[in-house]
Amino acid sequence: MKAKLTATASLMAGALALSACGGNTSSGTAGGGDAAGLDGRGPITYVQGKDNSNVVRPLIEKWNAAHPDEKVTLKEQTDQPDQQHDDLVQHFQAKDPNYDVMSVDLVWTAEFAAKGWLQPLKDKMAIDTTGILPSIVEGASYKDTLYTAPQHSDGGILYYRKDLVPTPPKTWAEMREMCSIAKANNIGCFAGQYKQYEGLTVNASEAINSAGGSVLDKDGKPSLNTPEAKEGLGNLVKAFTDGSIPKEAITYQEEEGRRAFQDGNLLFHRNWPYLYNLATTEGSSKVKDVLGMTALPGKDGPGASSLGGHNVGVSVYSKNKATALDFLKFMTSEETQRFYATQGSLAPVLGNLYEDQKLVAKLPYLPVLKTSIENAVPRPVTPFYPAVTQAIQENSYAALKGEKSAEQALSDMQKSIETAGAGS
């Protein structure tokens, strides 16, 4: 899941929060969907973010060649997930029938399903989830109903320089000790994604979860005033304060950090699997021959990555849902899963592919990724997600910049999430 979100204006963020707290605005209802168009066939539009690794275009070309009367048009959004989210919300609210199928970030599912915007994948629209990792199916569901078809998963990976670090760290403390190696080589020690955008929610949540804390408890209420949460966010704050995380990393999204690592300016870098394909094939990459991969470090062992990924959903307003369903099945087939993995370093949703030796030979990060996904924790699952992620971003960012202590940031985060409705 590349979580490359840039913060939107505060008015837009406020509107999203209000939208999340409001009532159902669609003709469908959560769990019910809309019976219109279930038998409809014809051209459809597929909407997703920028196709950086050229994964989707070849698939659509293949589909169109086989379905000349049901061609798919790709509507490519920006590469900023908050802008992708806002675009989908606007078209859902307008009941636009021309956004038939869309790529849905894992954390949008609850919001979109609660609003009645996604067609439930049951009964006539059911898909077979046999063989898909259970946690991934759960992430594609809301209130025990499948609303999106698992497309590809994601888990954070710690990339490192094998020429400088023969044995990778297993814990946060071990990684911090290795920062002396970075200093000796005049490079930064560690970086993730710390700009005020969705990537910061991912990184802050990982820090909190990896220290044994959680953003929301099992009942969906904020749980941030704990020693574990303070330790987790405090780890990032201390690393910024002492320079273990370079000060310029406060501006990093996925691509800025990737380039810094590929240019040889970082010892360790937290990013998604997509980095592997680019770091080992781009001619300018200085780490292609020394690229190491391991699980994110935690308190006593592997850390808790934020479970990522994108799924594909059908709009309740689509007039050609029969075609849309067939396209969903095509986009989530095993053949397509293999193409996602080999073409774009995208994590498969089918468990058997992690054991496929031919695939592992091509993609040696798969065992590490499996460990990451097995230890992964979803970002907060709530219909109020836009307001929750805004609270996490704003307060974590203030702490990383030194404007608040970690404890104060967490206290303010708790209050903001409660105000948004997730604490009720």
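Under the numbering used here, the first residue of the sequence shown carries the number 45, and numbering increases by one thereafter.
The beta-carbon is built from N, C-alpha and C at its ideal position, and this holds for glycine as well.
Annotation: residue 204 to residue 274 spans about 27 Å, alpha carbon to alpha carbon. Shown here for residue 372: same chain residues with a beta carbon closer than 6 Å to its own, the five before and five after excluded, namely 193 and 356 in chain order. DSSP, read as helix, strand or coil, puts residue 395 in helix. Selection 238, 380 and 381 evaluated against residue 313 yields 238 as nearest (Cα-Cα).
Remark: three or more beta-carbon pairs, one from each stretch, lie closer than 8 Å, so the region 380-388 and the region 99-113 are flagged as touching. Contact between the region 447-459 and the region 254-274 is present, with at least three C-beta pairs closer than 8 Å. Pairing residue 340 with residue 200 gives a Cβ-Cβ distance under 8 Å. DSSP, read as helix, strand or coil, puts residue 204 in strand. Non-local beta-carbon contacts of residue 376 in its own chain, meaning distances under 8 Å to residues more than five positions away in sequence, involve 171, 193, 194, 195, 356 and 393 in chain order. Residue 114 and residue 82 have their C-alpha atoms some 15 Å from each other.
In its chain, beyond the 5 residues on either side, 284 have a beta carbon closer than 8 Å to the beta carbon of residue 291. Below 8 Å, too few C-beta pairs join the region 321-333 and the region 180-187 to call them touching: fewer than three.
Of the residues 109, 110 and 131, the one whose Cα lies closest to the Cα of residue 91 is 131.
When Cβ pairs closer than 8 Å are counted between the two stretches, the region 354-370 is seen not to touch the region 234-250, the count staying below three. The C-alpha of residue 428 lies about 20 Å from the C-alpha of residue 257. The Cβ atoms of residue 407 and residue 381 do not sit closer than 8 Å to each other. In the three-state scheme derived from DSSP, where H, G and I count as helix and E and B as strand, residue 111 is classed as coil.
According to DSSP, residue pairing for residue 352 in a beta bridge involves 198. One Cα belongs to residue 307, the other to residue 324, and the distance between them is close to 12 Å. When only Cα atoms are considered, residue 338 and residue 344 end up about 15 Å apart. Residue environment for residue 253: buried (at least 16 other C-beta atoms within 10 angstroms of its C-beta). Annotated three-state conformation of residue 81 is coil, per DSSP.
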